[in-house]
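Engineer:
In UniProt numbering, the protein residues as written are 1 to 99.
1. Looking at C-alpha atoms only, which residue of 95, 49 and 42 is the closest neighbour of residue 61?
2. Which residue comes first and which comes last in the alpha helix (DSSP H) that contains residue 77?
3. Tell me the DSSP secondary structure of residue 92 in three-state form.
4. Ignore the nearest five residues each way along the sequence and tell me which others in residue 73's own chain have a CB closer than 7 Å to its CB.
5. Per DSSP, what are the beta-bridge partners of residue 43 in this structure?
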């Protein structure tokens with residue numbers, strides 16, 4: 001609201017300024033944040049040729065509701081233990097370019 005002096009309003013203004021500067025410095029468009037994979041199914045996998053790099057990305061709107069399960073899967077992959085669920089449907093290899 002115009003003229004709002006509440007701490008929440010001030011924090012929001014500061015955060016907005018930081019976001020604008022971050023996007024400006026990185027040359028990213030804000031829409032990049034909401035991108036998904038081409039098939040709209042998220043990725044949970046190790047990066048090929050860099051098995052010590054684990055990724056979990058492309059969640060779009062499903063990230064919040066799946067975060068407990070995804071967090072457990074990512075931690076198991078990072079620790080080198082067998083995931084409690086089959087992650088094959090979420091692997092990079094489903095895209096021809098990464099096979």
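Don't be surprised by glycine CBs; every beta carbon is placed ideally from N, CA and C. In this text the structure is predicted, and so the values were computed from the model without any measurement.
Structural biologist: Per the coordinate set shown:
1. Here residue 61 is taken as the residue at index 61 of the chain shown, counted from 1. Cα-wise, what sits closest to residue 61 is 42.
2. If you number the chain shown from 1, residue 77 lands on position 77. First-last of the alpha helix (DSSP H) with residue 77: 63 to 79.
3. Residue numbering aside, residue 92 sits at position 92 when the chain shown is read from its first letter. In this structure, residue 92 counts as helix in the three-state DSSP scheme.
4. As a working note, residue 73 is residue 73 in the chain shown. These residues qualify, in order along the chain: 44, 83, 85 and 87.
5. Walking along the chain shown from the start, residue 43 turns up at place 43. Bridge partners of residue 43: 57.
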